[in-house]
Amino acid sequence: CVGLRNLLQRLSFSVKYYSKHNHLQTVCLYSKIKHQKCHILDCSGGTCAHQTVPPGSIVPWRFFSCKEGTKIPSKRKQNTSITTSEHLYKDLLKSEQENWSDISEGYKSMTKRIKEKLEELHNKYMFNSGSPRIRFGENVYFEENGCIFLSKADDDEGNVDVLFSTEDLGFSDAFIQRIRISPDQRYMAISLKSNNSEEATCVITKLGHFPAVEEVIPSVFSFEWATNDVLYYTSQKNLKCQNVFMTTFTNRKHTELVYTEQDARFFVDIYCTKDRRFLTINSNSKTTSEVWLVDCRHPFKLPALVQARTKGLIYHIEHRNDELYILTTYGEPAEYKLMKAPVASSGMENWQLVYALEKKTKLVDLEMFSDHCIMFLKNAGHLYLNVISFVSHSVQSIKLPTWACEFELESHPEHTTSICYFQLTSPVHPPERFAYSFKKNNLIEQAVQEVPIITNCHTTRLLAKSKDETSVPITVFHNMNSKELHRKPLLVHVYGAYGIDLNMSFKEEKLMLIEEGWILAYCHVRGGGELGLSWHKDGCQQNKLKGLHDLKACITLLHELGFSQPKYTALAAASAGGVLAGALCNADPELIRAMVLQAPFVDVLNTMMKTHLPLTIEEQEEWGNPLADEKCMKYIKSYCPYQNIKTQCYPSVFITAYENDQRIPLAGVLRYVQKLRKAVLDHASNTNKTGNWIPNIILDIQANGSHCDSSWEDSLNE
1 CVGLRNLLQR
11 LSFSVKYYSK
21 HNHLQTVCLY
31 SKIKHQKCHI
41 LDCSGGTCAH
51 QTVPPGSIVP
61 WRFFSCKEGT
71 KIPSKRKQNT
81 SITTSEHLYK
91 DLLKSEQENW
101 SDISEGYKSM
111 TKRIKEKLEE
121 LHNKYMFNSG
131 SPRIRFGENV
141 YFEENGCIFL
151 SKADDDEGNV
161 DVLFSTEDLG
171 FSDAFIQRIR
181 ISPDQRYMAI
191 SLKSNNSEEA
201 TCVITKLGHF
211 PAVEEVIPSV
221 FSFEWATNDV
231 LYYTSQKNLK
241 CQNVFMTTFT
251 NRKHTELVYT
261 EQDARFFVDI
271 YCTKDRRFLT
281 INSNSKTTSE
291 VWLVDCRHPF
301 KLPALVQART
311 KGLIYHIEHR
321 NDELYILTTY
331 GEPAEYKLMK
341 APVASSGMEN
351 WQLVYALEKK
361 TKLVDLEMFS
371 DHCIMFLKNA
381 GHLYLNVISF
391 VSHSVQSIKL
401 PTWACEFELE
411 SHPEHTTSIC
421 YFQLTSPVHP
431 PERFAYSFKK
441 NNLIEQAVQE
451 VPIITNCHTT
461 RLLAKSKDET
471 SVPITVFHNM
481 NSKELHRKPL
491 LVHVYGAYGI
501 DLNMSFKEEK
511 LMLIEEGWIL
521 AYCHVRGGGE
531 LGLSWHKDGC
541 QQNKLKGLHD
551 LKACITLLHE
561 LGFSQPKYTA
571 LAAASAGGVL
581 AGALCNADPE
591 LIRAMVLQAP
601 FVDVLNTMMK
611 THLPLTIEEQ
621 EEWGNPLADE
631 KCMKYIKSYC
641 PYQNIKTQCY
651 PSVFITAYEN
661 DQRIPLAGVL
671 RYVQKLRKAV
681 LDHASNTNKT
691 GNWIPNIILD
701 IQANGSHCDS
711 SWEDSLNE
């Protein structure tokens with residue numbers, strides 16, 4: 001329901017999958033309650049061998065029986081060496097857990113104060129914040145606390161019906177991630193996710209006076225209704241999504257395999273065009289796309305290919321008035337453009353340009369309406385709306401408030417609506433709701449905040465000169481009342497991978513730091529996507545060191561301009577951001593005093609050498625293939641955090657890791673911590689100076705959560 005945001009992001013990283021549960025009991029739910037305030041969900045919600053079959057192929061219809069709770073047999077051979085290795089791993093894990101238990105005792109009073117402050121901020125700004133709703137005519141669907149409610153758009157009294165409850169069905173530890181309502185509103189499909197798993201279960205409920213669970217499908221990632229009673233969905237296995245199924249809810253229920261993807265680098269998902277004319281089967285690697293169309297008027301016909309995959313060509317499909325609108329990198333420069341072509345002749349030789357983005361502009365999202373298209377853009381750190389009129393063939397550009405750093409597009413199932421709703425936010429600014437009216441051609445701030453938002457936080461946008469003279473953007477936040485900024489603590493954020501922007505949405509802990517005098521800096525280094533696709537390309541594979549040079553230049557400039565100093569500077573990163581953070585820690589440890597990492601990718605070389613891991617093959621387009629290219633192996637080895645640990649003075653390091661993390665193996669994090677701790681102690685014993693400062697190397701292993709994906713309660717504890 002959020003346009004093409006998820007499709008764009010899926011080109012950059014292997015998407016998450018949801019919920020460990022494979023079974024639900026069928027029950028009936030129906031009640032009428034008075035509902036005062038609601039949280040509302042955004043319902044966007046091996047080795048490569050030479051192929052002898054097409055990379056992606058349509059499978060002839062055949063009956064397919066879904067089996068629940070199927071276990072995947074382990075590929076491990078139970079030999080002595082592996083058994084010994086497992087014992088060592090368990091001993092190391094136990095040792096780190098005991099170490100954390102001892103160390104954390106010293107932080108209890110500080111933890112208590114911080115937790116109380118964060119809860120206060122959360123209740124103040126987020127508890128009553130409105131999130132997107134799904135609107136179908138006069139009906140409005142929304143989620144709160146594991147329940148899905150139905151209300152009337154014109155009902156001001158807060159009357160709602162309960163359609164679904166996770167708790168009543170025994171899913172108290174799961175939350176609702178995605179919702180899809182059938183066109184006639186007779187069925188509702190939802191996905192349930194547990195914090196301890198990346199897998200999801202799709203639950204289909206038949207709506208009416210007594211809503212009841214109709215079917216449960218395990219291991220599902222994306223799903224869309226083709227018609228009132230035909231659902232298409234993708235299955236996932238080992239972090240891969242390569243099969244598309246169709247299931248019907250007519251008198252003759254059956255499920256069939258529709259499409260299968262043979263190339264391990266590609267990930268498959270499903271999207272429904274805004275006018276509900278087509279479902280698109282999207283097969284994407286990190287650099288290449290292929291799309292097949294399912295005609296919703298004839299859902300049992302074989303899907304039709306739009307354009308065969310061409311290396312380096314990315315494209316996504318929308319539809320309007322018998323024409324395909326194609327968001328693509330086709331042509332020069334290799335940035336996103338909006339093009340169109342007739343449905344009957346959709347090959348790229350027939351693509352006509354509608355609109356091209358300016359240089360160094362990032363396309364964040366795109367939403368189609370009956371007579372308009374809205375592009376959500378980033379340029380030079382500022383956010384814009386570009387409204388394209390298909391009637392007047394005009395483009396209107398609207399600059400959004402300067403404090404805004406992130407968009408959140410709301411759900412608009414009806415493409416004929418005259419208003420586009422979205423939210424704006426920043427790390428220190430809670431979400432505010434806005435709307436754009438096509439009829440009035442203006443931007444509307446939807447509601448006055450019940451709680452005044454702080455206005456004493458200053459936002460500064462800077463440019464740092466990297467080693468090759470490239471200008472690298474930095475976004476800085478600090479309290480306007482702060483004096484002597486060079487004495488204030490500074491928290492620097494970095495990511496720089498997969499073409500993904502730094503997360504700059506609101507976080508209670510960021511606002512708390514600002515109120516306590518901290519400076520926050522976000523370094524938009526190459527490898528990320530802040531300045532478009534070329535910004536990512538200039539920071540991946542054989543260009544990965546450019547991101548490290550960018551980060552060093554950013555921190556150096558901040559110190560030169562009087563924003564803190566090295567002894568008061570901390571560096572924060574998560575997941576793949578751990579590569580650049582860990583590399584800086586090895587190369588220039590004197591620039592920072594502390595480093596905080598969450599589920600960090602710090603053992604790049606060893607990981608990319610193991611093709612049996614689920615993501616290694618598809619990750620080669622980001623990091624390279626060290627097994628096939630010795631030059632690539634040497635290059636990765638030159639920056640890999642684990643490979644470059646040496647005996648020297650390091651900053652203190654705090655790492656949070658997850659036992660259930662399928663993306664970043666815990667064993668690699670454990671090896672990194674052990675090697676880093678040894679280097680620190682060796683340096684301390686070698687220098688042997690009185691009063692010599694020995695940094696802390698701390699690892700907190702979370703039993704709950706899975707790869708940077710935690711509930712509010714778990715993230716609060718972290």
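Under full-length UniProt numbering, read the sequence shown as residues 1 to 718, first letter to last.
Ideal Cβ positions, reconstructed from N, Cα and C, are used throughout, including at glycine.
1. Could you check where the beta strand (DSSP E) with residue 291 kicks off and where it finishes?
2. Where does the unbroken beta strand (DSSP E) through residue 200 begin, and where does it stop?
3. Quick one: what's residue 490 bridged to in DSSP?
4. Can you tell me whether residue 650 is helix, strand or coil according to DSSP?
5. Quick one: what's got a C-beta closer than 8 Å to residue 694's C-beta in the same chain, skipping five residues either side?
6. Taking only the alpha-carbon atoms, compute the straight-line gap between residue 414 and residue 362 and give it to the nearest angstrom.
7. What does the Cβ neighbour count give for residue 664, buried or exposed, with the cut at 16 atoms within 10 Å?
8. For residue 342, is the classification buried or exposed, using 16 other Cβ atoms within 10 angstroms of its Cβ as the cut-off for buried?
9. Could you check the C-alpha separation between residue 555 and residue 522 for me, to the nearest Å?
10. Is residue 148 buried or exposed, if buried means 16 or more other CB atoms sit within 10 Å of its CB?
11. Identify every residue that forms a DSSP beta bridge with residue 239.
12. Touch check for the region 507-524 and the region 597-608: three-plus C-beta pairs under 8 Å?
13. Check whether the Cβ atoms of residue 181 and residue 141 lie closer than 8 Å to each other.
14. Please classify residue 528: does DSSP put it in a helix, a strand, or coil?
15. For residue 252 and residue 315, I'd like the C-alpha separation in whole angstroms.
16. Since I believe residue 585 is in contact with residue 489 (beta carbons under 8 Å), could you give me their beta-carbon distance rounded to a whole number of angstroms?
17. Using beta-carbon positions only, say whether residue 197 and residue 717 come within less than 8 Å of one another.
18. Here's the rule: buried if 16 or more other CB atoms are within 10 angstroms of the residue's CB, otherwise exposed. What is residue 564?
19. Just checking: is the beta-carbon of residue 214 within a distance shorter than 8 Å of some beta-carbon in chain C?
20. Should residue 308 and residue 332 be called a contact, given that it needs their Cβ atoms to be closer than 8 Å?
21. Quick check: the region 519-535 against the region 499-511, are there 3 or more CB pairs under 8 Å?
22. Grab me the residues of residue 369's own chain with a C-beta within less than 6 Å of its C-beta, minus the 5 sequence neighbours each way, in chain order.
23. Look up residue 458 in the DSSP assignment and say whether it is helix, strand or coil.
24. Do the region 462-470 and the region 543-554 make contact, defined as three or more Cβ pairs closer than 8 Å?
25. If you check the beta carbons only, do residue 494 and residue 577 fall under 8 Å apart?
26. Taking only runs that begin and end inside the region 552-636, name each unbroken alpha helix (DSSP H) of 4 or more residues, in chain order.
27. What whole-angstrom Cβ distance do residue 622 and residue 497 have, given they're in contact under 8 Å?
28. By Cβ distance, which residues of its chain are closer than 6 Å to residue 505, with the 5 residues on each side in sequence left out?
29. Under 8 Å: do the region 247-267 and the region 276-294 share three or more Cβ pairs, one atom per stretch?
30. Report back the beta-carbon spacing between residue 133 and residue 411 to the nearest angstrom; my notes put them in contact at under 8 Å.
31. What three-state label does DSSP hand residue 77 in the structure shown?
32. With DSSP run on the structure shown, which of helix, strand or coil describes residue 193?
33. Strictly by DSSP, which residues pair up with residue 373?
34. Which class does residue 396 belong to by DSSP, given the choice of helix, strand or coil?
35. Can you tell which of 213, 209, 208, 174 has its C-alpha closest to the C-alpha of residue 189?
36. Can the beta-carbon of residue 399 be found closer than 8 Å to that of residue 384?
Based on what the coordinates show:
1. Within the sequence shown, the letter at position 291 stands for residue 291. It spans 289-295 - the beta strand (DSSP E) in which residue 291 sits, taken as one unbroken run.
2. As a position in the sequence shown, residue 200 is number 200, starting the count at 1. Taken as a continuous stretch (DSSP letters only), the beta strand (DSSP E) holding residue 200 covers 200-206.
3. Here residue 490 is taken as the residue at index 490 of the sequence shown, counted from 1. Paired residues: 519, 569.
4. The residue given as residue 650 occupies position 650 in the sequence shown. Coil, per DSSP.
5. The residue labelled residue 694 in the question sits at position 694 within the sequence shown. Answer for residue 694: 680, 681, 684, listed in chain order.
6. Position 414 of the sequence shown holds residue 414. Position 362 of the sequence shown holds residue 362. So the two alpha carbons sit approximately 26 Å from each other.
7. Here residue 664 refers to the residue found at position 664 of the sequence shown. Residue 664 should be labelled buried.
8. Here the question's residue 342 lines up with position 342 in the sequence shown. Burial call: exposed.
9. The residue labelled residue 555 in the question sits at position 555 within the sequence shown. The residue labelled residue 522 in the question sits at position 522 within the sequence shown. Approximately 10 Å, taken between the alpha carbons.
10. Indexing the sequence shown from 1 puts residue 148 at position 148. So residue 148 ends up on the buried side.
11. Within the sequence shown, residue 239 is the residue found at index 239, counting from 1. DSSP lists no partner for residue 239.
12. Verdict: no, contact absent.
13. Residue 181 sits at position 181 when you count from the first residue of the sequence shown. Residue 141 sits at position 141 when you count from the first residue of the sequence shown. The answer is yes: Cβ separation under 8 Å.
14. For this step, residue 528 is matched to residue 528 along the sequence shown. Correct three-state label for residue 528: strand.
15. Position 252 of the sequence shown, counted from the first residue, corresponds to residue 252. Position 315 of the sequence shown, counted from the first residue, corresponds to residue 315. Rounded to whole angstroms, residue 252 to residue 315 spans 36 Å at the Cα level.
16. Taking the first residue of the sequence shown as 1, we reach residue 489 at position 489. Taking the first residue of the sequence shown as 1, we reach residue 585 at position 585. About 18 Å; that fails the 8 Å criterion.
17. The count along the sequence shown starts at 1 and reaches residue 197 at position 197. The count along the sequence shown starts at 1 and reaches residue 717 at position 717. Not a contact, by the Cβ cut-off of 8 Å.
18. Numbered from its first residue, the sequence shown carries residue 564 at position 564. Residue 564 should be labelled buried.
19. Absent from the structure: chain C. Only one protein chain is present.
20. As a first step, residue 308 is located in the sequence shown; it is residue number 308 there, counting from the start. As a first step, residue 332 is located in the sequence shown; it is residue number 332 there, counting from the start. Contact: no.
21. With the cut-off at 8 Å, the region 519-535 and the region 499-511 touch.
22. Position 369 of the sequence shown, counted from the start, is the residue given in the question as residue 369. Same-chain partners within the cutoff: 415.
23. One-based indexing of the sequence shown puts residue 458 at position 458. If DSSP states are grouped into helix, strand and coil, residue 458 belongs with the strands.
24. yes
25. Here the question's residue 494 lines up with position 494 in the sequence shown. Here the question's residue 577 lines up with position 577 in the sequence shown. In contact: residue 494 and residue 577 (Cβ atoms closer than 8 Å).
26. 577-587, 604-608, 616-623
27. Counted from its first residue, the sequence shown places residue 622 at position 622. Counted from its first residue, the sequence shown places residue 497 at position 497. With a Cβ gap of about 7 Å, residue 622 and residue 497 count as contacting.
28. Working through the sequence shown from its first residue, we reach residue 505 at position 505. Excluding sequence neighbours, residue 505 sits near 406, 425.
29. yes
30. In the sequence shown, the residue the question calls residue 133 occupies position 133. In the sequence shown, the residue the question calls residue 411 occupies position 411. Indeed they touch by this definition, with Cβ atoms about 7 Å apart.
31. Position 77 of the sequence shown holds residue 77. Model confidence at residue 77 stands at a pLDDT of 38, short of 50, so the residue's coordinates are unreliable; what they give is reported in the following sentence. Coil, per DSSP.
32. The count along the sequence shown starts at 1 and reaches residue 193 at position 193. In this structure, residue 193 counts as strand in the three-state DSSP scheme.
33. Within the sequence shown, numbered from 1, the residue matching residue 373 stands at position 373. 368, 388, per the DSSP bridge assignment.
34. On the sequence shown, residue 396 is found 396 positions in, with the first residue counted as 1. When secondary structure is reduced to three states using DSSP, residue 396 falls in the strand class.
35. As a first step, residue 189 must be located in the sequence shown, where it is residue number 189. Of the candidates 213, 209, 208, 174, the one whose C-alpha sits nearest the C-alpha of residue 189 is 213.
36. Here residue 399 refers to the residue found at position 399 when the sequence shown is read from its first residue. Here residue 384 refers to the residue found at position 384 when the sequence shown is read from its first residue. Yes, Cβ-Cβ distance for residue 399 and residue 384 is below 8 Å.
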